[in-house]
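Heads up: the structure comes next, in C-alpha cells.
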Amino acid sequence: MISNDPRTTTGTGLFREASLPLSIALVIPVGALLVLLGLLLFPVNLGLIPFSPDGQLGLLLVIMAIQMLALGETPMGQYRRSRLLIVIGIAFAAMGIFSCIVPGILTDVIRQLLAILNIAGGAILLGKRFLPMLQGAAEPAPLPPILKRLLVTLTVLNVVAIAFGISMLLPGLVPGMVIAGIVVINGLLLFALASILLKLG
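Here my numbering is used: the first residue of the sequence shown is 32, the next is one more, and so on.
Next up, the structure:
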C-alpha cells in the first residue's frame, strides 16, 4: 500500500531526503577512506600500529569496482556501463574481496594493477584535457571562476593519481611519510571536487 503522507517523502531535520546525486555520494566515502587511510599511515610508518597492505589494496579495488558497476566510472574516465565493464568490475571486486580475506596471495598483482591504472588514468585524462588546448590555434575562451576551480582540482587530482601510482609501482622509491601525505591530499581533493560539483549541480 502506498502512503499519501507527504512526510514519507520530504521528512524533517535529519530525516529529510538528501538531494545528493549518486556520483557525488560515491565520491564522498572514497574521500573519507583516503583521508583516514593517509592519516593512519603516519603512525604505521612510525611503527606504532600494525598494518595490512592486503586489506588496503583490496578495499581500494572493491571501491573502484563499485564505481565501475554503479556509474561506469574508471581511473581512465567514465564509460558506458557495457557488459565488458560489468565483467571487469565484478572481477575487480572479487580480487579485492579475496585479498581482504586471504592476505599475501594477490598483494603484488593488485598493487601493480592499481599502480598501472592510476598512472595511465592520470596521464590519459591530463592528455584529453590539455592536448586540445595546445593544438588549438585560437585562444580558449575565459572560464567562470567555478569552472576554473573544477579544472584546477581535476588537474591536481590527476597529478596526485600519477604520483600515487608511481609510489605503488616502486614502493621503495618514495618514503612512507610522503605516500601518507599523497593519500591525504587525494582524499581532500575528492571532498573539494564533490563540493564544486554540488555547486555546479
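The C-beta atom is built at its ideal place from N, Cα and C for all residues, glycine as well.
Just so we're clear, the structure is a prediction, and the values are computed from it rather than from any experiment.
Taking only three categories from DSSP, how would you classify residue i?
i: GLY203; result: coil
i: GLY108; result: strand
i: PHE161; result: helix
i: ILE117; result: helix
i: LEU137; result: coil
i: PHE82; result: coil
i: ARG142; result: helix
i: GLY103; result: coil
i: ARG47; result: coil
i: PRO74; result: helix
i: LEU174; result: coil
i: PRO52; result: coil
Among the options, which one has its Cα closest to the Cα of residue i?
i: ILE97; options: LEU77, LEU71, LEU57; result: LEU57
i: LEU91; options: ILE80, GLY62, ILE117, ALA101; result: GLY62
i: ALA146; options: ARG111, GLN109, ALA192; result: ALA192
i: VAL234; options: LEU188, GLY127, LEU228, THR138; result: The structure shown does not extend to residue 234, since the chain is modelled only from 32 to 232, so the question has no answer here.
i: ALA211; options: SER50, PHE82, MET126; result: PHE82
i: PRO106; options: ALA122, ILE136, PHE129, ASN149; result: ASN149
i: ARG180; options: LEU156, LEU157, GLY152, LEU220; result: LEU220
i: GLN143; options: LEU71, LEU157, MET199; result: MET199
i: LEU228; options: LEU65, ILE55, MET126, PHE73; result: ILE55
i: LEU178; options: SER226, ILE80, LEU77; result: SER226
i: LEU68; options: ILE213, GLY153, LEU231; result: ILE213
Taking only beta-carbon positions, decide if residue i is within less than 8 Å of chain C.
i: MET199; result: No chain C appears in the structure shown, which is made up of a single protein chain.
Given a threshold of 16 other Cβ atoms within 10 Å of its Cβ, counted over all protein chains shown, does residue i qualify as buried or as exposed?
i: GLY120; result: buried
i: ILE33; result: Confidence in ILE33 is poor, its pLDDT being 47 and thus under 50, which makes the residue's placement unreliable; the coordinate value appears in the next sentence. Result: exposed.
i: MET208; result: exposed
Go through its chain and collect everything with a Cβ distance to residue i's Cβ below 7 Å, but skip five positions before and after it.
i: GLY103; result: GLN109, TYR110, ARG111, ARG112, LEU116
i: PRO84; result: THR138
i: LEU88; result: SER130, THR138, ILE141, ARG142, LEU145
For residue i, which residues of its own chain have a beta-carbon under 6 Å away from its beta-carbon, when the five flanking residues on both sides are left out?
i: PHE222; result: GLY62
i: ILE197; result: none
i: ASN217; result: LEU65, VAL191
i: LEU224; result: THR184
Only counting the same chain, and skipping five residues up and downstream in sequence, which positions put a Cβ closer than 8 Å to that of residue i?
i: PHE123; result: LEU92, VAL93, MET95, ALA96, MET99
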